[in-house]
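Take any residue in the sequence shown, count from 1 to its spot, add 131: that is its number in my numbering.
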Amino acid sequence: MAEQQEILDLDINGEQLERRRKLLPWWIKTFAWIFMIMGAIAPLGLILGFMNLSFKLSLLGLETHNPLSITGIILIAIFSLKGMASFGLWTEKDWGIKLAQTDAIIGILICCYTMLNFTGNTFGLNFRLELILLIPYLYKLQNIKKDWEKAPRG
132 MAEQQEILDL DINGEQLERR RKLLPWWIKT FAWIFMIMGA IAPLGLILGF MNLSFKLSLL
192 GLETHNPLSI TGIILIAIFS LKGMASFGLW TEKDWGIKLA QTDAIIGILI CCYTMLNFTG
252 NTFGLNFRLE LILLIPYLYK LQNIKKDWEK APRG
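This is the structure:
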């Protein structure tokens, strides 16, 4: 059986293919675990909201104390999306890399939106630190996409 697995892990030239998870750097693996846990907890936020309990939700510059507000529902959806993308990467799913790229693009767009501060007649710009990780994250996903698609799943 192990010999058969080794044959399946070879490409056309007979070279050993890397498993998908090995394509991910340590920092993506670390954040994948964090967001898988947060994504699993996200539905609990809705349940607590229906029980009239409030708590602080904050990510990408969006912030609320009410999980049933529009911002709260958007944040719970973002945590769920990040959890699903992380799960897809960690479990080496075919769709994992595409969903992670979508997650990164949505995160970058939300950060850019929340960086702009329009109050009355004034304009401000608040730099979001999340961009320091989101841009390299998207770049790394773009770089490993072809290898991900041809690498065997674990």
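The C-beta atom is built at its ideal place from N, Cα and C for all residues, glycine as well.
### Query
Going along the chain, which unbroken runs of the alpha helix (DSSP H) with 4 or more residues stay wholly within the segment 165-208?
none
### Message
According to DSSP, simplified to helix, strand and coil, what is residue 274?
### Response
On the sequence shown, residue 274 is found 143 positions in, with the first residue counted as 1. Helix at residue 274.
### Message
Since residue 214 and residue 171 should fall inside the 8 Å C-beta cutoff, what is the C-beta to C-beta distance between them, to a whole number of angstroms?
### Response
As a working note, residue 214 is residue 83 in the sequence shown. As a working note, residue 171 is residue 40 in the sequence shown. The pair is a contact, with the Cβ atoms about 6 Å apart (cut-off 8 Å).
### Task
Tell me where the alpha helix (DSSP H) around residue 230 begins and ends.
For the purposes of this step, residue 230 is taken as residue 99 along the sequence shown, with counting starting at 1. From DSSP, the alpha helix (DSSP H) with residue 230 extends over 227-246.
### Message
Based on DSSP bridge pairs, tell me the residues matched to residue 269.
### Response
Counting from one through the sequence shown, the residue named residue 269 turns up at place 138. Bridge partners of residue 269: none, in fact.
### Task
Tell me, please, which residues DSSP counts as bridged to residue 256.
Along the sequence shown, read from residue 1 onward, the residue named residue 256 stands at position 125. DSSP, once it has assigned bridges, lists 247 as partnering residue 256.
### Length of the line joining the Cα atoms of residue 264 and residue 189
Here residue 264 is taken as the residue at index 133 of the sequence shown, counted from 1. Here residue 189 is taken as the residue at index 58 of the sequence shown, counted from 1. When rounded, the distance between both Cα atoms is 17 Å.
### Message
For a test of the three-state rule: what should DSSP assign to residue 155, helix, strand or coil?
### Response
In the sequence shown, residue 155 corresponds to position 24, counting from 1. In this structure, residue 155 counts as coil in the three-state DSSP scheme.
### Task
Answer yes or no: do residue 242 and residue 191 have a C-beta to C-beta separation smaller than 8 Å?
Along the sequence shown, one-based indexing puts residue 242 at 111. Along the sequence shown, one-based indexing puts residue 191 at 60. Here residue 242 is near residue 191, since their CB atoms are less than 8 Å apart.
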